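Numbering (numbering that gives the first Met the number 0), first residue to last: 0 to 327. Take a look at the structure set out below.
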Amino acid sequence: MAVGGDGVTRLMDLKIDFAFKQLFGKVGNEPILLAFLNAALQSTQEKRIMSVEILNPEMQREHMEDKASVLDIHARTEQGEHINIEIQLANKFDMEKRTLYYWSRIYSAQMQKGKPYTELSKTITMNIINFHYLPQTERYHTTFHLYEDHETFVLTDMLEVHFMEMPKLMEKWRQGTVNPHENALVRWLLLLEANDHEEIRKELEAIAMKDPVMKQAFEEWEDMSRDMKKWAEYESRRKAILDEMAAVIEARDRGFAEGREEGRAVGREEGRAEGRAEGRAEGLAEGERQKAIEIAREMLAEGDSPERVARLTKLSLEEIEKLKQQLH
């Protein structure tokens with residue numbers, strides 16, 4: 000159900016791709032998607048996107064049940080530009096290759112037999128990620144194009160890739176160096192965190208009093224969270240994603256273990272890294288509880304709040320606080 004025992008409506012976590020797509024990728028919610036896209040593209044008044052068509056509004060059942068899949072949003076602007084947006088919680092260490100693969104699929108799918116290449120339109124991919132990705136910069140929003148190596152002039156603007164790193168944004172929000180009243184992209188990205196941070200939610204609700212599109216977003220978010228059928232689908236999808244996160248963590252730790260054994264065999268220093276991995280693994284129970292603790296550690300390491308970690312993993316806040324202390 001979408002209503003808690005205290006009668007207060009529980010809201011879907013918008014960082015779960017099902018909920019994100021319900022809000023930004025649903026037919027009828029184009030104004031919300033438009034506002035986000037213009038903010039992300041930092042569009043000037045002259046170059047603002049005026050209309051957008053959502054090309055994949057449906058939720059494919061096979062994708063819902065596939066733990067490794069991502070429910071993305073594919074849209075086309077009035078200028079014919081194609082934009083793909085996806086949100087990811089776990090770092091699978093394949094982000095750049097995955098991004099280029101999806102970009103190439105969308106770009107090449109525009110081509111029809113007998114049509115000239117000149118009819119291909121600009122294709123943009125946007126990745127909202129809940130983990131640190133680019134250590135080369137502290138900026139939470141980065142944009143990439145095709146440039147010449149030495150003189151850095153653009154070959155073509157047909158390819159554009161965006162990364163939006165939520166942990167970096169949250170660090171800046173805590174430091175008070177970003178302002179949702181002044182920056183529209185900050186506003187929309189912080190909306191994804193509003194379910195976990197009451198201070199953010201209240202600030203955005205105040206902004207929504209003067210911003211009709213943000214007000215529409217809040218109303219739609221509440222409506223879809225009250226829908227019992229959608230809530231059941233959301234919970235199913237959330238569990239699948241958390242299971243996938245656990246599998247990623249398990250594979251990573253297994254790699255650490257193999258590295259330790261190899262390091263011991265050749266007398267190298269890798270054994271120390273595995274020792275740390277073993278320390279993280281100590282005290283873990285079997286089964287679902289083990290998965291929950293592994294996921295909690297990963298989320299805390301990526302900067303998620305203890306409240307959010309507790310809500311997603313179903314561990315107690317006291318347990319989460321103890322895990323957090325162990326990371327320091």
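Ideal Cβ placement from N, Cα and C applies to all residues, glycine included. If you're wondering where the values come from, they're calculated on a predicted model, not measured in any experiment.
Q.
Let me check one thing: in DSSP terms, what residues is F217 bridge-paired to?
A. Paired residue(s): none; F217 is not in a bridge.
Q: Check R275 in the structure and name its three-state DSSP category.
A: Confidence in R275 is poor, its pLDDT being 45 and thus under 50, which makes the residue's placement unreliable; the coordinate value appears in the next sentence. Residue state, collapsed to three classes: helix.
Q: Keeping to the same chain, check which residues put their C-beta closer than 6 angstroms to that of M223; ignore five residues upstream and five downstream.
A: Q21, K229
**Q.** For A108 and I331, the rounded distance between their alpha carbons
**A.** No answer is possible for residue 331: it lies beyond the span of the chain, which begins at 0 and ends at 327.
Q. Cα separation between D16 and N194?
A. 15 angstroms
**Q.** Cut-off 6 angstroms between Cβ atoms - residues of its own chain near E170, not counting five sequence neighbours on either side
**A.** none
Q) By a C-beta neighbour count over all protein chains shown, 10 Å radius and 16 as the cutoff for buried, is L188 buried or exposed? A) L188 is classed as buried because its beta carbon has at least 16 other beta carbons within 10 Å across all chains shown.
Q: Would you mind sorting D12 into buried or exposed? The rule is 16 or more other CB atoms within 10 Å of its CB.
A: buried
Q) Do the segment 111-121 and the segment 129-144 make contact, defined as three or more Cβ pairs closer than 8 angstroms? A) No contact exists between the segment 111-121 and the segment 129-144.
Q. Are the beta-carbon atoms belonging to I294 and L241 less than 7 angstroms from one another?
A. yes
**Q.** Host beta strand (DSSP E) of I82 (start-end)
**A.** 81-87
Q | Where I319 falls, given that 16 or more other Cβ within 10 Å makes a residue buried | A | buried
Q. Hey, how far is the Cα of W102 from the Cα of D226?
A. Distance between the alpha carbons of W102 and D226: 33 angstroms.
Q: Figure out for me which residue from E159, R186, M208, V160 has the closest Cα to the Cα of W172.
A: That would be R186, whose Cα lies nearest to the Cα of W172.
Q. Beta strand (DSSP E) containing A74: first to last residue?
A. 72-76
**Q.** For L203 and P179, believed in contact at Cβ under 8 angstroms, the rounded distance
**A.** 7 angstroms
Q) Which runs of the alpha helix (DSSP H) spanning at least 4 residues fall entirely within the segment 198-251, listed in chain order? A) Segments of the alpha helix (DSSP H) lying fully in the segment 198-251: 211-225.
Q: Whole angstroms is fine: what's the gap from M163's alpha carbon to E181's?
A: Answer to the nearest angstrom: the Cα atoms are 18 angstroms apart.
Q. Can you name the start and end residues of the beta strand (DSSP E) that F35 belongs to?
A. Premise fails: F35 lies in the alpha helix (DSSP H), 29-39, not in any beta strand (DSSP E).
Q: Work out the CA separation of N83 and A245 for me, nearest whole Å.
A: 26 angstroms
Q: Pick helix, strand or coil for V177, following the three-state DSSP scheme.
A: coil
Q. For L188, which of helix, strand or coil comes out of DSSP?
A. helix
Q: Below 8 angstroms CB to CB, which residues in the same chain sit around P56 once its five sequence neighbours on both sides are set aside?
A: G24, K25, V26
Q) Tell me the DSSP bridge mates of N126? A) E85, F162
**Q.** V51 (DSSP reduced to helix, strand or coil)
**A.** strand
**Q.** Proximity to F35 [Cα-Cα], best of V212, K96, L322, N90
**A.** V212
Q) For the putative contact between E80 and I53, defined by C-beta atoms under 8 angstroms, what is the C-beta separation to the nearest angstrom? A) At roughly 14 angstroms, the Cβ-Cβ gap does not stay under 8 angstroms, so E80 and I53 are not in contact.
Q.
Assuming F143 is part of the beta strand (DSSP E), what are its boundary residues?
A. 140-146
Q. Start and end of the alpha helix (DSSP H) containing L322?
A. 316-325 is the extent of the alpha helix (DSSP H) around L322.
Q. Is the distance from the Cβ of K14 to the Cβ of N90 below 7 angstroms?
A. Not closer than 7 angstroms, so no.
Q. Between L32 and A74, which are expected to be in contact by the criterion C-beta below 8 angstroms, what is the C-beta distance as a whole number of angstroms?
A. Taking the Cβ atoms as the reference, L32 lies roughly 6 angstroms from A74, within the contact range of under 8 angstroms.
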